[in-house]
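When we follow the numbering used here, the leftmost residue of the sequence shown carries the number 8, and every step to the right adds one.
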Amino acid sequence: MYELKTKENDNSVLEFIERIDNSRKKEDAYRLLDIFSETTGYDAKMWGPSIIGFGSYHYKYKTGHEGDAPLVGFSPRKAKISLYFATGDPNREKLLDTFGKHTSGKACVYINQMADIDESVLKQLILQSVTYLQTIYTENH
C-alpha cells in the first residue's frame with residue numbers, strides 16, 4: 008500500500024525557517040508565514056520535512072487513494088519558493104494573470120522572491136484555494 012510521505016508533524020515551523028541559509032529567503036519565509044496565518048486563520052504546521060501548511064482536508068479519489076493535505080502552504084526551497092494552492096480550481100489562472108513574476112505547475116506556483124509578486128493577489132489566491140477545497144471536501148468545516 009502506498010504510504011503518503013507528506014504528513015502533518017510536530018516539527019517546529021520557526022526552527023525550520025531559522026535553518027534557511029539565504030537571508031532574503033528566510034525573510035520572505037517569515038513574511039509568507041504572516042500572510043498565510045493571517046489570511047487563513049490557521050496555525051502553521053510542518054507537513055513532511057519542508058512544507059509549511061495551513062489547515063487540512065481529507066481527500067479520497069475515485070481510485071480509492073485517500074489522505075490528508077494542507078489547504079494551502081508554502082516551502083522555501085533552495086531554487087524557488089513553492090506556493091501550494093488547490094489543484095483543479097478553475098478560477099486560479101485569472102488571479103495568476105495579475106500575481107506578478109511566477110511560474111506554475113499543477114498544484115504549485117513558484118516565485119523567486121516576495122518582491123516579485125502582489126501580496127494582495129497572494130491573499131486572494133489563498134482565500135480562493137481554501138474556499139474551493141472546503142466546498143469540494145465539505146466534511147472538513
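Don't be surprised by glycine CBs; every beta carbon is placed ideally from N, CA and C.
Treat the numbers as computed from the prediction; the structure is a model and nothing was measured.
For this session: Identify, in the order they occur along the chain, each residue of the same chain with its Cβ nearer than 8 Å to the Cβ of K27, setting aside the five sequence neighbours on each side.
Result: Your numbering for residue 27 matches position 20 in the sequence shown. The sequence given here has Ile at residue 27, not Lys. Correct list, in chain order: K33, A36, P83.
Exercise. By Cβ distance, which residues of its chain are closer than 8 Å to K67, with the 5 residues on each side in sequence left out?
Worked result: For this step, residue 67 is matched to residue 60 along the sequence shown. Here the set comprises E73.
Problem set entry | Alpha-carbon to alpha-carbon, D50 and G62 | The residue labelled residue 62 in the question sits at position 55 within the sequence shown. The residue labelled residue 50 in the question sits at position 43 within the sequence shown. Their Cα atoms are separated by approximately 7 Å.
Problem set entry | Three-pair Cβ contact test at 8 Å for the region 136 to 145 versus the region 86 to 94 | Yes: the two stretches touch, three or more of their Cβ pairs being nearer than 8 Å.
Exercise. First and last residue of the beta strand (DSSP E) that includes K33?
Worked result: Taking the first residue of the sequence shown as 1, we reach residue 33 at position 26. Here K33 belongs to no beta strand (DSSP E); instead the alpha helix (DSSP H) covers 30 to 47.
Problem set entry | Length of the line joining the Cα atoms of F23 and L78 | For the purposes of this step, residue 23 is taken as the residue at position 16 of the sequence shown. For the purposes of this step, residue 78 is taken as the residue at position 71 of the sequence shown. Rounded to whole angstroms, F23 to L78 spans 20 Å at the Cα level.
Problem set entry | Other residues of its chain near W54: CB distance less than 6 Å, five sequence neighbours each side excluded | Residue 54 sits at position 47 when you count from the first residue of the sequence shown. These residues qualify, in order along the chain: T13, E15, G60, P77.
Exercise. Counting only runs that start and end within the region 76 to 135, where is the beta strand (DSSP E) found for 3 or more residues in a row?
Worked result: 79 to 83, 88 to 91, 115 to 118
Problem set entry | Closest by C-alpha distance to M121, when choosing among E25, D104, I42, K101 | In the sequence shown, the residue the question calls residue 121 occupies position 114. Looking at the Cα atoms, I42 is the closest of the given residues.
Exercise. Out of I133, E25, I143, which has the shortest C-alpha to C-alpha gap to E45?
Worked result: Taking the sequence shown and counting its residues from 1, the one referred to as residue 45 is at position 38. When only C-alpha atoms are compared, the closest one is I133.
For this session: Under the assumption that L21 contacts F81 (Cβ atoms under 8 Å), give the Cβ distance between them as a whole number of angstroms.
Result: Numbered from its first residue, the sequence shown carries residue 21 at position 14. Numbered from its first residue, the sequence shown carries residue 81 at position 74. In fact, because the Cβ distance is near 14 Å, the residues do not count as touching under 8 Å.
For this session: In angstroms with no decimal places, state the Cα-to-Cα distance between Y144 and R31.
Result: Stepping through the sequence shown from its first residue, residue 144 is reached at position 137. Stepping through the sequence shown from its first residue, residue 31 is reached at position 24. One C-alpha to the other measures close to 36 Å.
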